[in-house]
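**Q** Chains A and B are the protein sequences, given in the same order. So in the working numbering, the last spot in the first sequence is 426, and the numbers never skip. So in the working numbering, the last spot in the second sequence is 297, and the numbers never skip. Ideal Cβ positions, reconstructed from N, Cα and C, are used throughout, including at glycine.
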Amino acid sequence: MKARLRMTLILLVTLVVHLTVLSRLRVVGVRPDALLLLAVTVGLVGGTDRGAVAGFVSGVLADLFLQSPFGLSALVYSLVGFAVGSVQSAILRSAWWIPVVTALAASTAGTVLYALVAAMVGQPEFVSPRLPVIAVLVGLMNAALAPVAVRLVSWSLRRGGPDRPYAF
Amino acid sequence: MAVYRRPARSRFTLLLLVLTSVTLLTLDYRGSGSGAISLVKDGARDGFAPIQRFSDRLMRPVGNLVGGILHYGDLERENEQLRRENAEFRGDVLRADDAERERQALLDQLDLATPQDIPRVDARVVATSPTNFAFTVEIDKGTSSGLATGMPVVTGTGLVGRVAETSQTRAVVQLLTDKKFSVGVRLATSGDFGVANGQGTLKSLSLDLIDPASPVDKDEVVVTSGLQQSQFPPGIPVGKVEQATTRPGGLQQDITIVPVVDLRRLSFVTVLQWSPG
Numbered sequence: 259m260k261a262r263l264r265m266t267l268i269l270l271v272t273l274v275v276h277l278t279v280l281s282r283l284r285v286v287g288v289r290p291d292a293l294l295l296l297a298v299t300v301g302l303v304g305g306t307d308r309g310a311v312a313g314f315v316s317g318v319l320a321d322l323f324l325q326s327p328f329g330l331s332a333l334v335y336s337l338v339g340f341a342v343g344s345v346q347s348a349i350l351r352s353a354w355w356i357p358v359v360t361a362l363a364a365s366t367a368g369t370v371l372y373a374l375v376a377a378m379v380g381q382p383e384f385v386s387p388r389l390p391v392i393a394v395l396v397g398l399m400n401a402a403l404a405p406v407a408v409r410l411v412s413w414s415l416r417r418g419g420p421d422r423p424y425a426f
Numbered sequence: 021m022a023v024y025r026r027p028a029r030s031r032f033t034l035l036l037l038v039l040t041s042v043t044l045l046t047l048d049y050r051g052s053g054s055g056a057i058s059l060v061k062d063g064a065r066d067g068f069a070p071i072q073r074f075s076d077r078l079m080r081p082v083g084n085l086v087g088g089i090l091h092y093g094d095l096e097r098e099n100e101q102l103r104r105e106n107a108e109f110r111g112d113v114l115r116a117d118d119a120e121r122e123r124q125a126l127l128d129q130l131d132l133a134t135p136q137d138i139p140r141v142d143a144r145v146v147a148t149s150p151t152n153f154a155f156t157v158e159i160d161k162g163t164s165s166g167l168a169t170g171m172p173v174v175t176g177t178g179l180v181g182r183v184a185e186t187s188q189t190r191a192v193v194q195l196l197t198d199k200k201f202s203v204g205v206r207l208a209t210s211g212d213f214g215v216a217n218g219q220g221t222l223k224s225l226s227l228d229l230i231d232p233a234s235p236v237d238k239d240e241v242v243v244t245s246g247l248q249q250s251q252f253p254p255g256i257p258v259g260k261v262e263q264a265t266t267r268p269g270g271l272q273q274d275i276t277i278v279p280v281v282d283l284r285r286l287s288f289v290t291v292l293q294w295s296p297g
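(1) Sort A:Leu403, A:Leu371, A:Leu269 and A:Val286 by Cα distance to Arg284 of chain B and report the nearest one.
(2) Measuring straight from C-alpha to C-alpha, what distance separates Ser58 of chain B and Ala69 of chain B?
(3) Would you kindly report the start and end of the unbroken beta strand (DSSP E) that includes Ser217 of chain B?
(4) Check Asp237 of chain B in the structure and name its three-state DSSP category.
(5) Can you pull the chain B residues whose beta carbon is under 8 angstroms from the beta carbon of Val311 of chain A, in chain order?
(6) Measure the C-alpha to C-alpha separation of Met399 of chain A and Arg97 of chain B and round it to an integer number of angstroms.
(7) Does Val285 of chain A come out as helix, strand or coil in the three-state DSSP assignment?
(8) I need the boundaries of the beta strand (DSSP E) containing Ser226 of chain B, first residue and last residue.
(9) Residues of chain B with CB under 9 angstroms from Gln346 of chain A, in chain order?
(10) Report yes or no: do the segment 158-177 of chain B and the segment 289-309 of chain A share at least 3 C-beta pairs separated by less than 8 angstroms?
(11) Whole angstroms is fine: what's the gap from Ser226 of chain B's alpha carbon to Ser187 of chain B's?
(12) Against chain A, does Val280 of chain B count as a neighbour if the rule is that its beta carbon must be under 9 angstroms from one of theirs?
(13) Nearest-angstrom Cα distance between Ala22 of chain B and Asp307 of chain A?
(14) Report, in whole angstroms, the separation of the C-beta atoms of Ser283 of chain A and Arg289 of chain A, which I expect to be a contact under 8 angstroms.
(15) Alpha carbon to alpha carbon, how far is Val38 of chain B from Pro382 of chain A?
(16) Measuring straight from C-alpha to C-alpha, what distance separates Thr369 of chain A and Pro150 of chain B?
(17) Which residues in the same chain as Pro235 of chain B place their Cβ atom closer than 7 angstroms to its Cβ, once the five residues preceding and following it in sequence are excluded?
(18) For Val280 of chain B versus Gly178 of chain B, is the C-beta spacing smaller than 9 angstroms?
(19) Checking contacts by CB at 9 angstroms: is Gln251 of chain B closer than that to chain A?
(20) Counting only beta-carbon separations shorter than 9 angstroms, does Val379 of chain A have a partner in chain B?
(21) Unbroken beta strand (DSSP E) runs of length 3 or more, entirely within the segment 40-73 of chain B: which are they?
(22) Are Gly329 of chain A and Ala312 of chain A touching if we call contact CB-CB under 9 angstroms?
(23) Going along chain B in order, which residues have a C-beta closer than 9 angstroms to the C-beta of Arg282 of chain A?
(24) Just to confirm the assignment, what range does the beta strand (DSSP E) spanning Phe288 of chain B have?
(25) Can you tell me where the alpha helix (DSSP H) holding Arg308 of chain A begins and where it ends?
(26) Which two residues bound the contiguous beta strand (DSSP E) that contains Ala191 of chain B?
(27) Can you list, in chain order, the residues of its chain with a C-beta nearer than 7 angstroms to that of Ala377 of chain A? Leave out the 5 residues immediately preceding and following it.
(28) Any idea which residues DSSP pairs Lys260 of chain B with across the strands?
(29) Going by Cα to Cα distance, which pick from B:Gly259, B:Val141 and B:Lys223 is closest to Trp294 of chain B?
(30) Judging by CA-CA distance, which residue of B:Val157, B:Arg182, B:Gly176 and B:Asp160 is the nearest neighbour of Thr169 of chain B?
(31) Taking the beta strand (DSSP E) that Ser202 of chain B falls in, what are its first and last residues?
(32) Which of the three DSSP states, helix, strand or coil, is assigned to Leu415 of chain A?
(33) Let me check one thing: in DSSP terms, what residues is Asn148 of chain B bridge-paired to?
(34) For Val359 of chain A, does the count of other Cβ atoms within 10 angstroms reach 16, so buried, or fall short, so exposed?
(35) Does Thr265 of chain B come out as helix, strand or coil in the three-state DSSP assignment?
(36) Determine the chain B residues that contact Thr360 of chain A at a beta-carbon separation under 7 angstroms, and present them in chain order.
As structure tokens, this is what we get:
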């Protein structure tokens, strides 16, 4: 129960940080996506199940503040959380760079997937020549934030130690 | 909680979540702005407003300090340029005053409405877009101040965008550079009508439907046309022509315009309480 409480706290903190501090952090107009990063990190530390659920919840939170169709982020983020979780179970090492590289790859892929699914549900303008730039920059910025995210998520999922202790 | 999970169960969880998401998408689509989902969204936005205000108060000095240190040289240069421009504009204003008086007298005689007559609500920009796929800003006024979806948003310089979503105390403004934004415009010199479309970049809009034969000058001002059923009142400056080319055999000119308002540094905006008549 305590783990769930800590996870809720992390979700709310991430939402606040996402909507306030990170809104000011823009590189060529592109901002990091902390809620997507959360889905990635929970998938990485906690596995498929928890990755998918955390992705869904963080996606719903994201959707609350967007004008795009409601449920779009929830759908994509839960898929991303699940996918990262499945890859995680195949990784045997726990080197420091794994979360960074995972965040880079998964956030880039997640952003592209988001645009593609958006185009399928009637938002074709999301797929534009600018999409690769947005996706790569989101990936890079999320990768830079990954070490902090992994620490927070490891703490929230801890039950006599995290499933996979990434050392920084 | 068991660390090991059977894959089948995980897949079942995912399936459940995907189905829930699709249900939400369908509900949102069917409700389209009036259903339970938009009520929840409005609640979230209003509920988040105090947190945002607090964080803004906390972050602003830090941001200003960092920005000030990093961009000191730029700021000094900008200051000097602004001072020079200011002196120029003061002269222009004196000249324009006279013309405006004449114009007003003529409009009064013809009994025509001007943008100056429209009731307005001033608002502060409190947040930028939470996503990379839309160009929006959030302002600190909502339905309780008389705002409604579709109202034009301007600054003293020109057009900013339109109100895209409202809750009680907040509204989301779709900027004119957003990919979904379009506005009927008129070239100030030639008087030709066209349509300006957002490109999904902060810098420029495309201007369509201008005849290849009509003369278009660089830096020519483009204003809202305000034709009947238009979403904006007439005469609001939208942008300046940056480039105009005609392809051989083209049916229209390829024109890009740059917004007159610096959309990256919006702090105060004015919402015109206007609806198409």
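**A** On the basis of the data shown:
(1) Locating residue 284 of chain B in the second sequence gives position 264, counting from the first residue. It is A:Val286 whose Cα lies nearest to the Cα of Arg284 of chain B.
(2) Start at 1 with the first residue of the second sequence, and residue 58 of chain B comes out as number 38. Start at 1 with the first residue of the second sequence, and residue 69 of chain B comes out as number 49. Whole-angstrom Cα-Cα distance: 16 angstroms.
(3) Translated into positions along the second sequence, residue 217 of chain B becomes position 197. A small fix is needed here, since residue 217 of chain B is Asn in this sequence, not Ser. For Asn217 of chain B, the enclosing beta strand (DSSP E) starts and ends at Phe213 to Gly218.
(4) Locating residue 237 of chain B in the second sequence gives position 217, counting from the first residue. Taken through DSSP and simplified to helix, strand or coil, Asp237 of chain B comes out as coil.
(5) Start at 1 with the first residue of the first sequence, and residue 311 of chain A comes out as number 53. Thr33 and Leu37, listed in chain order.
(6) By 1-based counting over the first sequence, the position of residue 399 of chain A is 141. By 1-based counting over the second sequence, the position of residue 97 of chain B is 77. So the two alpha carbons sit approximately 31 angstroms from each other.
(7) Position 27 of the first sequence, counted from the first residue, corresponds to residue 285 of chain A. Looking at Val285 of chain A - three-state DSSP - the assignment turns out to be strand.
(8) Start at 1 with the first residue of the second sequence, and residue 226 of chain B comes out as number 206. Ser226 of chain B: member of the beta strand (DSSP E) spanning Leu225 to Asp228, first to last residue.
(9) In the first sequence, residue 346 of chain A corresponds to position 88, counting from 1. By Cβ distance, chain B contributes nothing, its closest Cβ being about 12 angstroms from Gln346 of chain A, past 9 angstroms.
(10) no
(11) One-based indexing of the second sequence puts residue 226 of chain B at position 206. One-based indexing of the second sequence puts residue 187 of chain B at position 167. If you take the alpha carbons of Ser226 of chain B and Ser187 of chain B, they lie about 31 angstroms apart.
(12) Sequence index remark: in the second sequence, residue 280 of chain B carries index 260 (1-based). Taking Cβ atoms only, chain A never reaches closer than 9 angstroms to Val280 of chain B, which makes this a no.
(13) The residue given as residue 22 of chain B occupies position 2 in the second sequence. The residue given as residue 307 of chain A occupies position 49 in the first sequence. With a pLDDT of only 45 at Ala22 of chain B, under 50, the local geometry of the prediction cannot be trusted, and the value read off the model is given with reservation. Rounded to the nearest angstrom, the two C-alpha atoms are 12 angstroms apart.
(14) As a position in the first sequence, residue 283 of chain A is number 25, starting the count at 1. As a position in the first sequence, residue 289 of chain A is number 31, starting the count at 1. The sequence shown places Leu at residue 283 of chain A, not Ser. At roughly 6 angstroms, the Cβ-Cβ gap stays under 8 angstroms, so Leu283 of chain A and Arg289 of chain A are in contact.
(15) Along the second sequence, read from residue 1 onward, the residue named residue 38 of chain B stands at position 18. Along the first sequence, read from residue 1 onward, the residue named residue 382 of chain A stands at position 124. So the two alpha carbons sit approximately 21 angstroms from each other.
(16) For the purposes of this step, residue 369 of chain A is identified with residue 111 of the first sequence, where counting begins at 1. For the purposes of this step, residue 150 of chain B is identified with residue 130 of the second sequence, where counting begins at 1. So the alpha carbons of these two residues sit roughly 14 angstroms apart.
(17) Stepping through the second sequence from its first residue, residue 235 of chain B is reached at position 215. The residues are Ser210.
(18) Translated into positions along the second sequence, residue 280 of chain B becomes position 260. Translated into positions along the second sequence, residue 178 of chain B becomes position 158. In this structure, Gly178 of chain B lies closer than 9 angstroms to Val280 of chain B by Cβ.
(19) Indexing the second sequence from 1 puts residue 251 of chain B at position 231. Not an interface residue.
(20) Counting from 1 along the first sequence, the entry for residue 379 of chain A is found at position 121. Yes, contact with chain B.
(21) none
(22) Within the first sequence, the letter at position 71 stands for residue 329 of chain A. Within the first sequence, the letter at position 54 stands for residue 312 of chain A. Contact flag unset, no.
(23) Locating residue 282 of chain A in the first sequence gives position 24, counting from the first residue. The answer, in chain order, is Met79, Gly83 and Thr148.
(24) Mapped onto the second sequence, residue 288 of chain B falls at position 268. First-last of the beta strand (DSSP E) with Phe288 of chain B: Phe288 to Leu292.
(25) Start at 1 with the first residue of the first sequence, and residue 308 of chain A comes out as number 50. Note, Arg308 of chain A: alpha helix (DSSP H), Thr306 to Leu322.
(26) The count along the second sequence starts at 1 and reaches residue 191 of chain B at position 171. Residues Ala191 to Leu195.
(27) Here residue 377 of chain A refers to the residue found at position 119 of the first sequence. Same-chain partners within the cutoff: Phe384 and Val385.
(28) Translated into positions along the second sequence, residue 260 of chain B becomes position 240. B:Val241 and B:Val278.
(29) To locate residue 294 of chain B, count along the second sequence from 1; it is residue 274. Answer by Cα proximity: B:Val141.
(30) As a first step, residue 169 of chain B is located in the second sequence; it is residue number 149 there, counting from the start. Among B:Val157, B:Arg182, B:Gly176 and B:Asp160, the Cα nearest to that of Thr169 of chain B belongs to B:Arg182.
(31) In the second sequence, counting from the first residue as 1, residue 202 of chain B sits at position 182. Its beta strand (DSSP E) spans residues Ser202 to Leu207.
(32) As a position in the first sequence, residue 415 of chain A is number 157, starting the count at 1. It is helical.
(33) For the purposes of this step, residue 148 of chain B is taken as the residue at position 128 of the second sequence. At residue 148 of chain B the sequence reads Thr, which differs from the Asn that was named. Looking at the DSSP assignment, Thr148 of chain B forms a beta bridge with B:Val157.
(34) As a first step, residue 359 of chain A is located in the first sequence; it is residue number 101 there, counting from the start. Exposed, by the Cβ-count rule.
(35) Your numbering for residue 265 of chain B matches position 245 in the second sequence. Strand at Thr265 of chain B.
(36) In the first sequence, residue 360 of chain A corresponds to position 102, counting from 1. Result: empty, since nearest Cβ-Cβ is about 18 angstroms, beyond 7 angstroms.
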